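The structure appears below as structure tokens.
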Amino acid sequence: DSQQSYARRLQGTIDDLFDKAKDAMAAGDEEKARTLLMEKQGQTDRLKKALSACLLEKKRMEKMTLNVGAIEERAMEIDSLLRRSVSAKSMQDINLSEDFSLSIEDPLLQKFRDLKKD
Numbered sequence: 029d030s031q032q033s034y035a036r037r038l039q040g041t042i043d044d045l046f047d048k049a050k051d052a053m054a055a056g057d058e059e060k061a062r063t064l065l066m067e068k069q070g071q072t073d074r075l076k077k078a079l080s081a082c083l084l085e086k087k088r089m090e091k092m093t094l095n096v097g098a099i100e101e102r103a104m105e106i107d108s109l110l111r112r113s114v115s116a117k118s119m120q121d122i123n124l125s126e127d128f129s130l131s132i133e134d135p136l137l138q139k140f141r142d143l144k145k146d
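In my numbering, each residue's number is its place in the sequence shown (first place is 1) plus 28.
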């Protein structure tokens with residue numbers, strides 16, 4: 029954004045210099061017109077560099093936007109995997125606690141039952 033505002037200011041300066049050069053030519057002051065046009069050329073070179081920088085900045089922003097999208101997508105995939113993992117672990121813990129609670133029985137009662145069966 030700062031490169032764009034810089035380019036706009038340069039363009040304004042270039043336009044002003046050109047108008048001043050035209051006025052100097054109309055007034056018959058060729059030397060002043062030549063000086064203003066040389067200054068305009070320097071400003072035009074700066075503008076070209078600023079516009080190139082704007083283009084590079086725009087490409088970099090587009091690339092960063094794509095990268096952010098890819099990272100967000102990957103984060104959602106990881107979140108989904110974590111949720112499934114937590115859910116599976118909770119189910120496993122529930123199953124283990126059921127098995128544990130069923131197997132906790134008075135050993136003496138179990139021994140009597142086993143003797144009854146024989």
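Ideal placement from N, C-alpha and C gives every residue a C-beta, glycine not left out.
As the structure is a computational prediction, the values presented were derived from the model and not from experiment.
Would you kindly report the start and end of the unbroken alpha helix (DSSP H) that includes residue i?
i, result
"residue 40", "30–54"
"residue 142", "135–145"
Answer yes or no: does any C-beta atom of chain D fall closer than 8 Å to that of residue i?
i, result
"residue 121", "The question asks about chain D, but that chain is absent: this structure has only one protein chain."
Given a cut-off of 8 Å on the beta-carbon distance, is the pair residue i and residue j in contact?
i, j, result
"residue 75", "residue 42", "yes"
"residue 49", "residue 68", "yes"
"residue 45", "residue 71", "yes"
Below 8 Å on the Cβ atoms is my contact criterion, and I expect residue i with residue j to pass it. Report the Cβ-Cβ distance as a whole number of Å.
i, j, result
"residue 78", "residue 116", "No, residue 78 and residue 116 are not in contact; Cβ-Cβ is about 57 Å, not under 8 Å."
"residue 82", "residue 39", "Actually they do not touch by this definition, with Cβ atoms about 12 Å apart."
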